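A.B. asks:
In our numbering, the protein residues as written are 1 to 391.
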């Protein structure tokens with residue numbers, strides 16, 4: 001009874017926390033947008049270089065009045081520096097807002113926006129369009145703290161791990177802590193990860209749209225992009241994201257979500273779908289303490305895998321339930337933690353969904369969908385479109 005009560009409380013509290021978090025992150029107090037003007041590449045090293053000459057348009061560097069870099073259109077080229085905007089070795093509060101950084105196909109290896117050893121920064125409502133065949137990453141957070149990437153549109157071309165590059169993800173967080181990546185649209189046109197997190201802690205990936213380079217089997221890329229990739233990290237939350245269209249490739253099948261060598265990763269409320277029945281859905285590699293539930297896994301060639309049996313959890317117990325699997329063949333005639341109260345369907349499959357040395361003990365019969373906030377039930381989104389539970 002105590003365990004069931006705790007799960008019920010968790011199913012109520014977690015959606016409420018997410019709702020509040022989403023509102024705060026996606027509705028910050030932003031500067032008013034202005035028309036974009038051309039600007040050369042911007043390099044700021046140290047607090048003293050937050051100056052108008054370096055593209056700063058306002059602010060004093062405090063929490064209530066951060067420095068603002070706003071309204072610039074930066075075009076990168078073969079002769080340009082190795083960055084579009086780089087902020088390094090700073091502690092002052094700053095915000096990059098309504099900026100466009102674009103790279104031509106002939107641009108030299110470069111990172112479009114790079115925060116390196118920077119603290120208290122955020123990038124909002126900005127656009128990265130990298131068409132370079134030698135890209136070194138779109139928006140990269142490296143060795144930084146207290147950073148928010150919100151409501152940006154980032155698209156990268158062929159990102160490769162060149163010797164001159166420190167990154168090759170469209171959006172990445174490396175060796176950083178307290179990073180929130182929310183409400184962004186992120187795409188990779190060719191190789192490289194769409195969103196990568198490495199060696200980081202306390203990272204939230206929330207409500208992002210992740211577009212992989214999925215193509216039909218004929219014409220698929222040789223080395224396709226992966227979706228969300230978390231490696232050597234801890235305390236990561238991945239929630240309410242849409243990851244779509246892993247590419248078909250016999251050489252290197254794409255994976256929508258990978259968690260490798262990481263601990264305490266929460267994966268819930270995500271939609272992971274493939275239009276071409278290609279690639280893998282959620283892949284756990286040497287992961288421990290991960291919990292995966294309320295995700296919709298639809299039409300992936302391999303829905304999920306876990307090479308560390310018993311070290312991770314693929315459901316949130318009863319009655320909260322597990323995940324929706326489009327290829328689940330079970331039936332729903334019974335209810336209860338043991339699914340032995342019959343006939344009494346509860347929206348949860350009567351038998352586990354088993355795969356690759358792991359299983360979801362409480363697979364959902366219909367896709368999970370959180371209750372609308374205005375009409376949310378006492379379950380706070382735990383219903384997921386399922387009939388009322390009778391316990």
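C-beta: ideal position from N, C-alpha, C; glycine also.
Owing to the predicted nature of the structure, the values given are computational and were not obtained by experimental measurement.
(1) Relative to the C-alpha of residue 194, which residue among 180, 173 and 178 is closest?
(2) Between 147, 328 and 169, which lies nearest to residue 92 when the distance is taken from Cα to Cα?
(3) Please state whether DSSP places residue 154 in a helix, a strand or coil.
(4) Rounded to the nearest angstrom, what separates residue 177 and residue 199 at their Cα positions?
(5) Suppose the cutoff is 6 Å on Cβ atoms and the five residues either side in sequence are ignored; what does the same chain contact list for residue 269 look like?
(6) Suppose only complete runs of 4+ residues qualify. What are the alpha helix (DSSP H) ranges in the region 304-374, listed by chain order?
(7) In the DSSP assignment, what are the bridge partners of residue 237?
(8) Cβ of residue 229 within 9 Å of Cβ of residue 197?
(9) Just to confirm, does residue 357 get its C-beta within under 8 Å of one of the non-hydrogen atoms of the ligand NAD?
(10) Assuming residue 326 and residue 284 are in contact, meaning their beta carbons sit under 8 Å apart, how far apart are those beta carbons, in whole angstroms?
(11) CB-CB under 7 Å to residue 309, same chain, minus the five flanking residues each way: which ones, in chain order?
(12) Considering only residues of the same chain and omitting the five flanking positions on each side of residue 129, which have a CB-CB separation below 6 Å?
(13) Using the Cα positions of residue 137 and residue 90, report the straight-line distance between them to the nearest angstrom.
(14) Around the C-beta of residue 362, are 16 or more other C-beta atoms found within 10 angstroms, so that it is buried, or is it exposed?
(15) Give the straight-line distance between the Cα atoms of residue 368 and residue 123, rounded to the nearest whole angstrom.
(16) For residue 337 and residue 211, what's the separation of their Cα atoms in angstroms?
(17) Is residue 52 buried or exposed, if buried means 16 or more other CB atoms sit within 10 Å of its CB?
(18) Cβ of residue 150 within 9 Å of Cβ of residue 125?
(19) Beta-carbon within less than 6 Å of residue 73's beta-carbon, same chain only, minus the 5 sequence neighbours each way: which residues are those?
(20) Does DSSP put residue 296 in a helix, a strand or coil?
C.D. replies: Let's see:
(1) 173
(2) 147
(3) strand
(4) 9 Å
(5) 239, 240 and 294
(6) none
(7) 204 and 266
(8) yes
(9) This structure simply doesn't include the ligand NAD, nor any ligand for that matter.
(10) That belief does not hold up - the Cβ atoms of residue 326 and residue 284 are roughly 19 Å apart, past 8 Å.
(11) 357 and 358
(12) 102 and 155
(13) 21 Å
(14) buried
(15) 31 Å
(16) 37 Å
(17) exposed
(18) yes
(19) 36, 38 and 100
(20) strand
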